[in-house]
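Novice:
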């Protein structure tokens, strides 16, 4: 009787997995080359409005069908989100941002000509610091373009407050307590753009620990407040400050809500804390910067 060799079996399985992955990439590349589809790379591991916006925006602006790609073998748009570290020699960057300036990434993979637009001044400064001679490209998160593409039915707000918790914060006691105290609507980020925006505009004010909750509130002119419920949101303050660098915000800072005492304090101060931050860039230029449209 021949004895099995576990090590040999593991190597064989590893080889087969690599071959399957290579075949999938080859097939994807063959389908996309020369097609009318617009290849797009974005994060889609979890349903999140800020990520799903990628397909919605790029299809609306380009007029083309968008295809999410895993391969770097074909030229593709690198879109909305803190996904600069997804970049490759075939990425064309449109509004992407850095998640963490200390995250390891080989910026030499990119060239300045591939940078069509970035999320904010902090991402732009970091790219230049890493040796990319990026010019005066449009700055801004493309989510700010949503009001030009989707206008929900105008109605009188039904709620005084809407709370948009980042999905890592949704179950926190402080979030639930704040919603109860304010009789607020809890708005989940785990939905598609139109549904999310429909719920957003039903609120007179928005409290959010989600970046795109804040960006969309600003874009639809809803007074809002950046709230930090935990330290679980990946990347810390960088992406928030990057976005705010393109707005009228002078000294943006998260309002800390980590205890029930903090909840009580915010309830009392809410009216004086919320505001709308106005985009300081040119939406037409940001829109026109979407690459690979032809």
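Residue numbers (this note's numbering): 443 to 736. All C-beta atoms, glycine included, are put in the ideal place defined by N, C-alpha and C. In this text, all values refer to a predicted model and were calculated from it rather than measured experimentally.
#1: Check for me: the alpha helix (DSSP H) holding residue 654 runs from which residue to which?
#2: Kindly indicate which three-state DSSP category residue 689 falls into: helix, strand or coil?
#3: Which partner residues of residue 601 appear in the DSSP bridge assignment?
#4: Starting from residue 483, trace the beta strand (DSSP E) in both directions and tell me its first and last residue.
#5: On a CA-only basis, which of 604, 502, 537 is nearest residue 668? Give me that one, please.
#6: Excluding the 5 residues flanking residue 825 on each side, which residues of the same chain have their C-beta closer than 6 Å to its C-beta?
#7: Along the beta strand (DSSP E) that carries residue 559, what are the first and last residues, could you check?
#8: Out of 562, 556, 561, which one is the CA nearest neighbour of residue 575?
#9: Let's test the definition: count the other Cβ atoms within 10 Å of the Cβ of residue 483 and tell me whether it reaches 16, buried, or not, exposed.
#10: Among residues of its own chain, excluding the 5 on either side of residue 594, which ones have a beta-carbon nearer than 6 Å to its beta-carbon?
#11: In terms of alpha-carbon separation, which member of 666, 633, 651 lies closest to residue 645?
#12: Consult DSSP for residue 670 and reduce its assignment to one of helix, strand or coil.
#13: Let me know if residue 721 comes out buried or exposed under the rule of 16 or more other beta-carbons within 10 Å of its beta-carbon.
#14: Going by C-alpha to C-alpha distance, which of 579, 580, 493, 626 sits closest to residue 522?
#15: Assuming residue 530 contacts residue 514 (C-beta within less than 8 Å), just tell me the rounded distance between them.
#16: Note down, in chain order, each residue of its chain lying with its Cβ closer than 6 Å to the Cβ of residue 547, except the 5 sequence neighbours on either side.
#17: Counting only the same chain and skipping the five closest in sequence on each side, list residues whose C-beta sits under 7 Å from that of residue 589.
#18: Quick check: what's the CA-CA separation for residue 659 versus residue 586?
#19: Below 8 Å on the Cβ atoms is my guess for residue 686 versus residue 719; work out the distance and round it to an integer in Å.
#20: Quick one: measure Cβ to Cβ for residue 627 and residue 601, integer angstroms, because I've assumed they're closer than 8 Å.
#21: Relative to the alpha-carbon of residue 554, which residue among 533, 540, 544 has its alpha-carbon at the smallest distance?
#22: Can you tell me which of the three DSSP states residue 627 falls into?
#23: How would you call residue 496, buried or exposed, if buried means at least 16 neighbouring beta carbons within 10 angstroms?
#24: On a Cα-Cα basis, can you pick out the residue from 499, 677, 570, 732 that is closest to residue 636?
Specialist: On the basis of the coordinates in this document:
#1: It spans 653-661 - the alpha helix (DSSP H) in which residue 654 sits, taken as one unbroken run.
#2: strand
#3: 645
#4: That run of the beta strand (DSSP E) goes 480-483.
#5: If we check each option's Cα against that of residue 668, 604 comes out closest.
#6: The question about residue 825 has no answer here: the residues shown for the chain are numbered 443 through 736.
#7: That run of the beta strand (DSSP E) goes 557-560.
#8: When each option's Cα is compared against that of residue 575, the closest is 556.
#9: Residue 483 should be labelled buried.
#10: 639, 640, 643
#11: With distances taken between Cα atoms, residue 645 lies closest to 666.
#12: strand
#13: buried
#14: 493
#15: Distance from residue 530 to residue 514 at the Cβ level is roughly 4 Å; contact confirmed, criterion being Cβ atoms closer than 8 Å.
#16: So the list reads 527, once near-sequence residues are dropped.
#17: 661, 662
#18: If you draw a straight line from the Cα of residue 659 to the Cα of residue 586, it is about 9 Å long.
#19: 6 Å
#20: Correct: roughly 4 Å between the Cβ atoms.
#21: 533
#22: strand
#23: buried
#24: 499
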